[in-house]
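Engineer: One structure, pasted below without further comment.
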Amino acid sequence: MLCGPAFITAFIALGGCILVSNISRFRPWVLEIVNEMLTLKNIALIMSLILPISAFFSALLLGLSIYANHLRKHRALLDL
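To convert, take the position in the sequence shown, counting from 1, and add 101; that gives the numbering used here.
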């Protein structure tokens with residue numbers, strides 16, 4: 102399924118946020134805000150929002166590729 106790359110990208114982005122917040126020397130109030138936003142519940146909500154969006158665009162691209170494939174076949178038949 103084409104939704105896999107969207108999840109991998111989202112996990113990498115969230116992991117980068119967590120890594121940077123742990124390594125960098127931000128001000129304490131910035132770290133508090135980031136740590137409040139990156140809870141397990143919020144990460145699960147983000148992933149649940151990514152699923153329908155990625156499924157929609159995957160279906161859209163699949164439909165376009167099927168249409169383009171049929172259009173090529175149609176043009177080949179017209180050229181005969």
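Note that CB positions come from ideal geometry on N, CA and C, so glycine has one too. Computed from a prediction, not measured in an experiment: that's the story for all the values here.
1) Which value, in whole angstroms, describes the spacing of the CA atoms of ILE119 and SER159?
2) Smallest Cα separation from LEU139: which of PRO106, ARG128, ASN123 and LEU172?
3) Mind checking which residues open and close the alpha helix (DSSP H) that includes SER125?
4) Just how far apart, CA to CA, sit LEU132 and ALA145?
5) Would you tell me roughly how many angstroms separate the C-alpha atoms of SER125 and GLY117, rounded to the nearest one?
Structural biologist: According to the structure shown:
1) Residue numbering aside, residue 119 sits at position 18 when the sequence shown is read from its first letter. Residue numbering aside, residue 159 sits at position 58 when the sequence shown is read from its first letter. Going by the C-alpha atoms only, they are around 28 Å apart.
2) The sequence position of residue 139 within the sequence shown is 38, counting from 1. Out of PRO106, ARG128, ASN123 and LEU172, ASN123 has the C-alpha closest to the C-alpha of LEU139.
3) Here residue 125 refers to the residue found at position 24 of the sequence shown. Per DSSP, SER125 belongs to no alpha helix (DSSP H) and is neither H nor E.
4) Along the sequence shown, one-based indexing puts residue 132 at 31. Along the sequence shown, one-based indexing puts residue 145 at 44. So the two alpha carbons sit approximately 20 Å from each other.
5) Numbered from 1 along the sequence shown, position 24 holds the residue referred to as residue 125. Numbered from 1 along the sequence shown, position 16 holds the residue referred to as residue 117. Spanning the two alpha carbons is a distance of roughly 11 Å.
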